[in-house]
Each structure stands twice: as C-alpha cells, then as structure tokens.
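Student:
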Amino acid sequence: GHSKGPFLVSAPLSTIINWEREFEMWAPDMYVVTYVGDKDSRAVIRENEFSFENNAIRGGKKPSKMK
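For the sequence shown, this note's numbering begins at 360 and goes up steadily by one.
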C-alpha cells in the first residue's frame with residue numbers, strides 16, 4: 360500500500376530546485392512545502408503550512424515558498 364506521510368526530505372540548498380522539479384514531475388498530487396529561508400520566514404511557514412493533531416504533523420492547505 361501507500362504511506363500517507365508526512366515525509367521529510369533533507370537536501371543541500373544547491374539541490375532544492377531539482378527536488379521541487381522531481382516532485383512536480385513524478386508526484387504532481389503530492390503536497391510539497393519547501394522549508395527554507397531566514398528565521399522569520401520559517402516561522403511563517405510553520406504557522407501557515409503545518410498543524411499538529413494528536414502529535415502528528417499535517418500539511419496546510421496551499422504550498423508556499425519563502426526566501
């Protein structure tokens with residue numbers, strides 16, 4: 360069967376664009392959040408893209424990128 364996630368991919372910054380492109384090509388229905396940026400940008404991503412239910416992280420409603 361298929362796992363529901365969430366999943367974490369940790370990659371060097373120099374490869375982030377390639378990872379985004381691969382997800383777009385091979386898993387276009389997968390919800391992807393690119394967690395990069397300065398401290399304030401990452402805080403915005405955490406507040407708007409992740410929610411916690413029963414100690415599990417759930418994705419938000421729409422993707423965003425902050426740099």
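Note that beta-carbon positions come from the ideal geometry of N, C-alpha and C, so glycine has one too. As the structure is a prediction and not an experimental result, all values here were calculated from the model.
In this structure, does DSSP put S423 in helix, strand or coil?
Tutor: Legend: pLDDT at S423 = 44, less than 50; position of this residue unreliable, value from coordinates given subsequently. Three-state DSSP puts S423 in coil, outside helix and strand.
Student: Could you tell me the distance, in whole angstroms, from the CA atom of K363 to the CA atom of A386?
Tutor: About 13 Å.
Student: CA-CA distance, S373 and F409?
Tutor: Going from the Cα of S373 to the Cα of F409 covers about 24 Å.
Student: So the alpha helix (DSSP H) V403 belongs to, where does it begin and stop?
Tutor: First-last of the alpha helix (DSSP H) with V403: K398 to E408.
Student: What distance in whole Å lies between the Cβ atoms of T393 and E379, which are believed to be in contact at a cut-off of 8 Å?
Tutor: Confirmed, about 6 Å.
Student: Which whole-angstrom value describes the C-beta separation of I375 and V395, a residue pair presumed to lie in contact below a C-beta threshold of 8 Å?
Tutor: I375 to V395, Cβ: 7 Å. Contact.
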